[in-house]
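There are 2 protein chains.
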Amino acid sequence: METVGDESDPRVRGWAPVCRAVALLLGPYAEVVLHDAAADRVLAIWNPLTRRTAGDPSLLGELDQLEPAARDVFGPYEKLLADGRRLTSVSAVLRDPDGQPSAVLCVNLDRTPLDQAVAVLAGFAAPSTPRPAALFEQDWTERVQRIVGSFVRTRGRPVERLGRADRLAVLAELDQAGIFTVRRAAPVVAQALQVSRSTVYALLAETRAEGVPA
Amino acid sequence: METVGDESDPRVRGWAPVCRAVALLLGPYAEVVLHDAAADRVLAIWNPLTRRTAGDPSLLGELDQLEPAARDVFGPYEKLLADGRRLTSVSAVLRDPDGQPSAVLCVNLDRTPLDQAVAVLAGFAAPSTPRPAALFEQDWTERVQRIVGSFVRTRGRPVERLGRADRLAVLAELDQAGIFTVRRAAPVVAQALQVSRSTVYALLAETRAEGVPA
DNA sequence: CCACGATTGGACTGATCGTCCAGTCTGGGA
DNA sequence: TCCCAGACTGGACGATCAGTCCAATCGTGG
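As you go down the protein sequences, you meet chains Y and C in turn.
Okay, so the first sequence: first residue is 1 according to my numbering, each after it adds one.
Okay, so the second sequence: first residue is 1 according to my numbering, each after it adds one.
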């Protein structure tokens, strides 16, 4: 296992042994990434799961949730790779001897094989359990209408007379409900809110920036 | 592994090799019981999980569910031991050369260690702080896992050994559940089913063509 | 009538979808 | 053993979609 990164960087030199050790321990299914949080770049990476290398932008959301808390260790939380692999990740702020943040360490573990193993073991000689069947929210459009309609009702005014703040609130709610993980949701929401698609994205960016760093 | 039973009984002599073989295969966590269905007694038992021996009443519900069906093989179904161990059981009606029922074979597998292993694996590196508590986001991946896992269970074979027809059925179910209305669902499903993204679309087209033009 | 922020339509880039195909693998059958 | 047919794969591809950006427009208060 080679270090992929700038060995001349003192941070890489300093933390490399830890990173390599973790990467070795967790085998081929975990990658270890050392980030420069300030520059939002990858300093070094061990056993990469994607094609990122040193110098690439950090991507993912690895550095997003570090600010608000007073802690230095975050996670484990879940991420999703483009090819469908499901990751469990932890992050840690690494500090130099003065206590100043110098880098961010992320460990990303591919859960796919674990999930597979669970399915195998759970299925081994298991009695045929009744199927959960729990159907997916078949009509997410209806959910949009319900959320918007419910909001409109509490304000006592029709959609087209909602103010900017109102639309922001509704958007936040819809986003919270995960509506935008559904394909082609944006145009539907735009129509439901009686605004253009552009405005939907504009307002959405606002709610995500200030409103809820969940 | 000794036969515990009346070796002079021709039924025991005849079936003992099968029973011992199964008992050996499934190790210390499965017992094999040969019943005299008419007398409701244990004819012989290998690797007992309880203290039953030959001649004891059959107890359990091992012979209860044999009547109604025209089949000769039953289960797997679940039973519960007094000490809390959970068993997965199968039963088979054994017939003499004339086709007359002569005995009932039951295999009882202690699932406790398997359940524990599942719990360990499922909990290993599991994200403990799911970010958005949304109804959709990141939750639909688990829905995929559940549907696939549930299907695997009914087939009694792991994902990688599913046949073409099996995958078609799972795909139909996932499609029915609306999974593919979610963005980037296809790669996740492909991973879960251990096939390529191409094959997902190919099979999907098949199910949609023949099955339900929803 | 003007200033100004909000909104809009549309252009644009990159990501994702779904299709297609040549090459590979696999499990019989001659 | 060799060959064949069907299934699967990885990659490429065009079409569509997501999200950003901006100049033009709208609406409102001064």
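Just so it is clear, CB atoms sit at the ideal spot from N, CA and C, and this is done for glycine as well.
Counting other Cβ atoms within 10 Å of its Cβ, C/E210 stays below 16 and is therefore classed as exposed. For C/Q145, the C-beta contacts it makes with chain Y under 9 angstroms involve R86, D115, V118, A119, in order along the chain. With a threshold of 7 angstroms between beta carbons, Y/A209 makes no contact with chain C.
About 5 angstroms separates the beta carbon of Y/L34 from that of Y/A103, a gap short enough to meet the 8 angstroms contact definition. Secondary-structure assignment with DSSP links Y/D115 through no beta bridge to anything. Ranked by Cα distance from C/G55, the options C/L49, C/A44, C/P48 are led by C/A44.
In the DSSP assignment, Y/I45 forms a beta bridge with Y/V4, Y/V33. Within the same chain, Cβ atoms closer than 7 angstroms to the Cβ of C/T112 are found at R85, R86, the five residues on either side in sequence being excluded. In this structure, Y/L168 lies near Y/L203, with their beta-carbon atoms less than 7 angstroms apart.
Y/V90 sits away from Y/P101, with the two beta carbons spaced by 7 angstroms or more. In the three-state scheme derived from DSSP, where H, G and I count as helix and E and B as strand, Y/A172 is classed as helix.
For C/R153, a Cβ of chain Y is located within less than 7 angstroms of the residue's own Cβ.
Below the 7 angstroms Cβ cutoff, chain Y contributes G84 as neighbours of C/A190, in chain order. The distance from the Cβ of Y/V182 to that of C/T181 is about 6 angstroms, consistent with a contact at the 8 angstroms cut-off. In the structure shown, the three-state DSSP call for C/V195 is coil.
In chain Y, no part has a C-beta under 7 angstroms from the C-beta of C/E31; the shortest such distance is about 13 angstroms. For C/D96, the CB contacts under 6 angstroms within the same chain, skipping 5 residues up- and downstream, are S102 in chain order. Using a Cβ-Cβ cut-off of 7 angstroms, C/G149 counts as an interface residue toward chain Y, since at least one Cβ of chain Y sits closer than that to its own.
In the structure shown, C/F180 falls within a helical segment according to DSSP collapsed to helix, strand and coil. Annotation: the continuous beta strand (DSSP E) that includes C/F74 extends over 73 to 80.
A direct Cα-Cα distance of roughly 14 angstroms separates Y/D110 from Y/V118. With a beta-carbon spacing of about 10 angstroms, Y/C19 and Y/V4 fall beyond the 8 angstroms limit used to define contacts. At a cut-off of 7 angstroms between beta carbons, Y/G123 contacts chain C.
In the DSSP assignment, C/V22 falls within the alpha helix (DSSP H) that extends over 10 to 25. Residue environment analysis places C/V120 among the exposed positions, since fewer than 16 neighbouring C-beta atoms fall within 10 angstroms of its C-beta. The beta carbon of C/A190 sits closer than 7 angstroms to the beta carbons of S196, R197, V200 from its chain, once the five residues preceding and following it are set aside; these are given in chain order. Residue environment: Y/L171 is assigned as buried (16 or more neighbouring CB atoms within 10 Å of its CB, all protein chains considered). Under DSSP, C/L94 takes part in a beta bridge, and its partners are C/A103. Taking 7 angstroms as the CB threshold, Y/T112 lines the interface with chain C. Using a Cβ-Cβ cut-off of 7 angstroms, C/E142 does not count as an interface residue toward chain Y, since no Cβ of chain Y sits closer than that to its own. About 6 angstroms separates the Cβ atoms of Y/A192 and Y/Q145, confirming a contact at the 8 angstroms cut-off. When DSSP reads this structure, C/T88 sits in a beta bridge with C/E78, C/L109. For Y/P127, the nearest CB of chain C lies under 7 angstroms from its own CB, placing it at the interface with that chain.
For C/P57, the beta-bridge partners assigned by DSSP are C/R41. Leaving aside the five residues that flank C/V152 on each side, the residues in its chain whose CB is nearer than 8 angstroms to its CB run, in chain order, P158, V159, L162. Closer than 7 angstroms to the CB of C/E78 there is at least one CB belonging to chain Y.
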